[in-house]
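Undergrad: Below is the structure I would like to discuss, written out as structure tokens.
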Amino acid sequence: MLNQKTILITGGTGSFGKQFVQTILARYQPKKVIIYSRDELKQYEMAQTFNAPQMRYFIGDVRDQARLTQAMDGVDYVIHAAALKHVPVAEYNPMECIKTNIYGAENVIHAALACGVHRVIALSTDKAANPINLYGATKLASDKLFVAANNIVGQRSTRFSVVRYGNVVGSRGSVIPFFQKLLAEGVKELPITDERMTRFWITLQDGVDFVIKNFARMHGGEIFVPKIPSATILDLAQAMAPQLPRKIIGIRPGEKLHEVMCPLDDSHLTLEFHDHFVIKPSIAFNMETPYEVNGCGETGAAVASGFEYSSGTNPVFLDVAAIQALIAQGSPT
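Just so it is clear: in the sequence shown, position 47 is 96 by the numbering used here, and no numbers are missing.
This is how it looks when you write it as structure tokens:
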């Protein structure tokens with residue numbers, strides 16, 4: 050599927066981008082892989098490791114539609130991973146978060162349409178479902194933009210879909226590197242926001258594999274949600290530092306006890322497949338789309354009315370040993 054194709058990744062110097070590039074260079078023979086991001090130092094450092102002849106490094110911001118359009122010339126597949134993701138930073142700098150996460154998403158859409166890109170997948174987050182913080186609200190808006198973009202493709206073959214998943218083991222923004230940093234500094238106790246807190250967890254590699262698979266599955270307009278395990282914050286702390294006491298510090302602003310990936314209010318739109326869910330678009334497109342059968346021939350069925358996929362009621366929870374194995378498997382790239 051990706052052989053002799055040109056792929057562009059916005060925000061490609063991040064954890065996902067590095068793992069994605071490592072994976073496709075090992076499995077496929079892409080024509081070109083374009084890293085599009087605004088940080089020249091991160092690009093320089095990444096180029097020291099990923100220096101295959103197919104690699105291209107474009108300095109640019111998703112806020113700059115003209116530069117995006119220039120970068121997408123001749124591109125077949127786009128993964129939109131660029132975003133401002135830090136919840137407290139987004140609360141303090143709301144307009145900057147909106148410019149990148151919402152206006153940037155719109156720019157990616159217009160550039161992809163202008164260049165005739167074949168397939169676009171935007172990375173989302175569990176925080177976009179029933180959001181209570183600005184970051185989640187901007188990602189919900191971004192998700193809506195990418196879904197609705199399928200209604201303005203006209204005669205083009207371009208299609209847009211979204212992949213939504215939870216905390217990534219080993220990514221720079223997750224609690225695991227934070228705990229690891231504290232342990233390296235010799236802390237005497239681990240800070241716990243709330244003993245009841247749960248989160249979805251996925252490894253970087255599983256996230257990359259899911260995105261690649263969904264390029265083949267997608268019709269356009271879907272939000273793909275993987276079936277992944279949950280873990281409690283207490284079990285996570287026990288797995289990482291069983292010898293240390295805990296200190297309850299309270300939930301931070303914009304934080305939930307449990308995260309949701311398929312909201313109850315979308316249950317009438319949700320299909321269950323063997324290893325993932327699909328949330329169908331709430332709007333009608335100008336094309337008949339059989340979402341119950343995806344591009345790989347896999348079949349899904351409607352979930353029960355009132356279904357919700359929440360980290361707190363997830364049927365699959367990791368125990369302490371499984372968390373330790375997941376951390377070992379998903380250590381940073």
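Note that CB positions come from ideal geometry on N, CA and C, so glycine has one too. Since we're looking at a predicted model, the values are computed, not measured.
According to DSSP, which residues form a beta bridge with glutamate 321?
TA: DSSP lists Phe326, Ala350 as partners of glutamate 321.
Undergrad: Tell me where the alpha helix (DSSP H) around threonine 59 begins and ends.
TA: First-last for threonine 59: 55 to 59, but that is the beta strand (DSSP E), not the alpha helix (DSSP H).
Undergrad: Determine which residues share a DSSP beta bridge with proline 240 and list them.
TA: According to DSSP, which records beta bridges pairwise, proline 240 is partnered with Lys296.
Undergrad: Can you give the Cα-Cα distance for glutamate 271 and glutamate 238, rounded to whole angstroms?
TA: Near 43 Å, if we compare the C-alpha coordinates of glutamate 238 and glutamate 271.
Undergrad: Have a look at proline 79 and aspartate 125 and give me their C-alpha separation to the nearest angstrom.
TA: If I take the Cα positions, the gap works out to 10 Å.
Undergrad: Going straight from the alpha carbon of methionine 121 to that of serine 86, what length do you get?
TA: Straight-line Cα distance between these residues: approximately 13 Å.
Undergrad: Hey, could you find the ends of the beta strand (DSSP E) proline 275 is sitting in?
TA: That run of the beta strand (DSSP E) goes 272 to 275.
Undergrad: If we require 4 or more residues per run, which alpha helix (DSSP H) segments fall completely within the region 65 to 139?
TA: Listed in chain order, they are 89 to 98, 114 to 120.
Undergrad: Any contact of the region 225 to 241 with the region 303 to 319, i.e. 3+ C-beta pairs under 8 Å?
TA: The answer is no - the region 303 to 319 does not touch the region 225 to 241, with fewer than three Cβ pairs under 8 Å.
Undergrad: Who are the Cβ neighbours of alanine 265 in its own chain at under 7 Å, not counting the five residues just before and after it?
TA: For alanine 265, where only same-chain residues beyond five positions count, the Cβ hits under 7 Å are Met50, Gly344, Cys345.
Undergrad: Please confirm if the region 139 to 156 is in contact with the region 86 to 103, defined as three or more CB-CB distances below 8 Å between the two stretches.
TA: Not touching, per the Cβ criterion.
Undergrad: Please name the residue in Gly303, Ala351, Pro294 whose C-alpha comes closest to that of serine 316.
TA: Nearest option by C-alpha distance: Ala351.
Undergrad: According to DSSP, is alanine 286 part of a helix, a strand, or is it coil?
TA: If DSSP states are grouped into helix, strand and coil, alanine 286 belongs with the helices.
Undergrad: Who are threonine 252's beta bridge partners in DSSP?
TA: The partner list for threonine 252 (beta bridge, DSSP) reads Val218.
Undergrad: Would you report the Cα separation of arginine 105 and aspartate 113, rounded to the nearest angstrom?
TA: Between arginine 105 and aspartate 113, the C-alpha separation is close to 18 Å.
Undergrad: Of the residues Asn216, Gln378, Asp314, Ile201, which one's Cα is nearest the Cα of glutamate 357?
TA: When only C-alpha atoms are compared, the closest one is Asp314.
Undergrad: Over what stretch of residues does the alpha helix (DSSP H) that includes threonine 187 continue unbroken?
TA: 183 to 197 is the span of the alpha helix (DSSP H), which, as asked, contains threonine 187.
Undergrad: How is alanine 370 classed by DSSP in three states: helix, strand or coil?
TA: It is helical.
Undergrad: Between Leu57, Thr72, Val138, which lies nearest to lysine 81 when the distance is taken from Cα to Cα?
TA: Per the Cα distances, Leu57.
Undergrad: Along the chain, where does the beta strand (DSSP E) that runs through cysteine 311 open and close?
TA: Note, cysteine 311: beta strand (DSSP E), 309 to 311.
Undergrad: For alanine 130 and threonine 59, I'd like the C-alpha separation in whole angstroms.
TA: Going by the C-alpha atoms only, they are around 5 Å apart.
Undergrad: Straight-line CA distance for asparagine 182 to isoleucine 128?
TA: About 24 Å.
Undergrad: Taking just the CA atoms, how far does serine 279 sit from proline 364?
TA: Spanning the two alpha carbons is a distance of roughly 8 Å.
Undergrad: By DSSP, does threonine 11 sit in helix, in strand, or in coil?
TA: The structure shown does not extend to residue 11, since the chain is modelled only from 50 to 382, so the question has no answer here.
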